[in-house]
Amino acid sequence: DTGVSQNPRHKITKRGQNVTFRCDPISEHNRLYWYRQTLGQGPEFLTYFQNEAQLEKSRLLSDRFSAERPKGSFSTLEIQRTEQGDSAMYLCASSPAAVGNTIYFGEGSWLTVV
Amino acid sequence: GENVEQHPSTLSVQEGDSAVIKCTYSDSASNYFPWYKQELGKGPQLIIDIRSNVGEKKDQRIAVTLNKTAKHFSLHITETQPEDSAVYFCAGPSGNTPLVFGKGTRLSVIA
Numbered sequence: 001d002t003g004v005s006q007n008p009r010h011k012i013t014k015r016g017q018n019v020t021f022r023c024d025p026i027s028e029h030n031r032l033y034w035y036r037q038t039l040g041q042g043p044e045f046l047t048y049f050q051n052e053a054q055l056e057k058s059r060l061l062s063d064r065f066s067a068e069r070p071k072g073s074f075s076t077l078e079i080q081r082t083e084q085g086d087s088a089m090y091l092c093a094s095s096p097a098a099v100g101n102t103i104y105f106g107e108g109s110w111l112t113v114v
Numbered sequence: 001g002e003n004v005e006q007h008p009s010t011l012s013v014q015e016g017d018s019a020v021i022k023c024t025y026s027d028s029a030s031n032y033f034p035w036y037k038q039e040l041g042k043g044p045q046l047i048i049d050i051r052s053n054v055g056e057k058k059d060q061r062i063a064v065t066l067n068k069t070a071k072h073f074s075l076h077i078t079e080t081q082p083e084d085s086a087v088y089f090c091a092g093p094s095g096n097t098p099l100v101f102g103k104g105t106r107l108s109v110i111a
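Note that the protein sequences, when read in sequence, are chains A and B. With my numbering as the guide, the letters of the first sequence map in order to residues 1 to 114. With my numbering as the guide, the letters of the second sequence map in order to residues 1 to 111.
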């Protein structure tokens with residue numbers, strides 16, 4: 001399977017704990033995106049990388065959230081001191097760097113904070 | 001920033017009928033308009049897209065039309081089948097800015 005891979009697919013954590021999600025993009029895709037989706041809503045942009053550079057961050061990305069892409073390949077999204085409002089599906093997507101290219105999503109990582 | 005509005009939020013059609021979902025956008029510089037289908041528990045999957053240099057694109061039972069003057073684009077599904085039941089999202093804009101998604105349309109195809 002050469003699509004976008006995310007893990008874990010599901011995570012249940014207690015409020016206040018830290019969680020980390022990993023995303024492996026499609027090979028040779030320079031851009032990697034993180035989105036968040038809650039029930040009944042469309043995906044909301046969080047941040048994106050071109051290679052290892054983080055180019056844009058949404059206002060939704062509070063200081064408890066940090067994303068990295070250290071070698072320009074896989075990426076991690078860490079949420080510190082989780083809150084119940086962080087419960088959502090976290091979607092990763094990738095695309096080639098050229099302007100106007102399609103982005104391809106992974107299957108998402110479901111987070112439930114109890 | 002870009003604002004994308006999608007309607008209707010829910011749509012029920014009889015199997016074999018057509019379904020149309022419409023999106024409006026605000027950024028006149030937008031030049032790429034994709035549609036995604038999302039099934040329960042899965043990530044969004046691209047089903048069709050169109051670029052601003054054309055007004056219509058078809059792929060079997062699915063088509064997208066674009067009206068740049070009015071700043072709206074629509075998804076058309078003909079001869080609907082039960083497996084078309086899902087949530088559909090439009091998105092904009094394009095270029096170097098990340099996609100902004102509509103709130104989605106839940107399509108139910110009734111057999």
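Even for Gly, the Cβ is constructed at its ideal location relative to N, Cα and C. No experiment lies behind these values; they were computed from the predicted model shown.
Take the Cβ of residue i as the centre, count every other Cβ of all protein chains shown within 10 Å, and call the residue buried at 16 or more, exposed below.
i         : result
Gln84(A)  : exposed
Gly95(B)  : Any reading at Gly95(B) must be qualified, since the residue scores a pLDDT of 49, below 50, and its modelled position is unreliable; the value itself is stated next. Exposed, since its Cβ has fewer than 16 Cβ neighbours within 10 Å.
Val114(A) : exposed
Ser62(A)  : exposed
Ser75(A)  : buried
Lys58(B)  : exposed
Arg36(A)  : buried
Arg15(A)  : exposed
Gly102(B) : buried
Glu5(B)   : exposed
Asp17(B)  : exposed
His41(B)  : The question names His, yet the displayed sequence has Gly at residue 41(B). The residue is exposed, with fewer than 16 neighbouring Cβ atoms inside 10 Å.
Ser12(B)  : exposed
Ser30(B)  : buried
Pro34(B)  : buried
Arg31(A)  : buried
Leu109(A) : Here residue 109(A) turns out to be Ser, not Leu, going by the sequence shown. Label assigned to Ser109(A): buried.
Ser9(B)   : exposed
Glu107(A) : buried
Pro46(A)  : First, the amino acid is wrong: residue 46(A) is Leu here, not Pro. Leu46(A) is buried by the Cβ-count criterion.
May I ask you to report which of helix, strand or coil DSSP gives residue i?
i         : result
Asp84(B)  : helix
Asp86(A)  : helix
Val100(B) : strand
Ser109(A) : strand
Pro34(B)  : strand
Gly92(B)  : strand
Cys39(A)  : As written in the sequence, residue 39(A) is Leu, which differs from the Cys given in the question. Coil, per DSSP.
His29(A)  : coil
Gly45(A)  : Sequence inspection shows Phe at residue 45(A); the Gly mentioned does not correspond to that position. Three-state result, Phe45(A): strand.
Glu79(B)  : coil
Glu5(B)   : strand
Thr69(B)  : coil
Ser95(A)  : strand
Gln80(A)  : coil
Asp63(A)  : coil
Ala53(A)  : strand
Ser75(A)  : strand
Ile103(A) : coil
Gln17(A)  : coil
Arg22(A)  : strand
Selection of the segment 27-51 of chain A by Cβ proximity to chain B, strictly under 7 Å: If the cut-off is 7 Å between Cβ atoms, the segment 27-51 of chain A has Tyr33, Gln41, Gly42, Pro43, Phe45 and Tyr48 near chain B.
Would you check if there are 3 or more beta carbon pairs closer than 8 Å linking the segment 73-93 of chain B to the segment 78-96 of chain A? no
Does the count of Cβ pairs from the segment 21-40 of chain B and the segment 85-94 of chain B closer than 8 Å reach three? yes
Can you confirm whether the segment 40-53 of chain B touches the segment 49-67 of chain A when touching is taken to mean that 3 or more C-beta pairs between the two stretches lie within less than 8 Å? no
Is there contact between the segment 52-69 of chain B and the segment 17-26 of chain A, where contact requires at least three CB pairs shorter than 8 Å? no
Segments of 4+ residues assigned as alpha helix (DSSP H) that fall wholly inside the segment 15-62 of chain B: none
Output needed in chain order: residues of the segment 95-112 of chain A with a Cβ under 9 Å from some Cβ in chain B. Val99, Gly100, Asn101, Thr102, Ile103, Tyr104, Phe105, Gly106, Glu107, Gly108 and Trp110
Between the segment 2-20 of chain B and chain A, which residues of the former have CB atoms less than 7 Å from a CB of the latter, in chain order? Listed by position, the residues of the segment 2-20 of chain B near chain A (Cβ gap below 7 Å) amount to none.
Could you list the residues in the segment 80-93 of chain A with a C-beta less than 7 Å from some C-beta on chain B, going in chain order? Leu91
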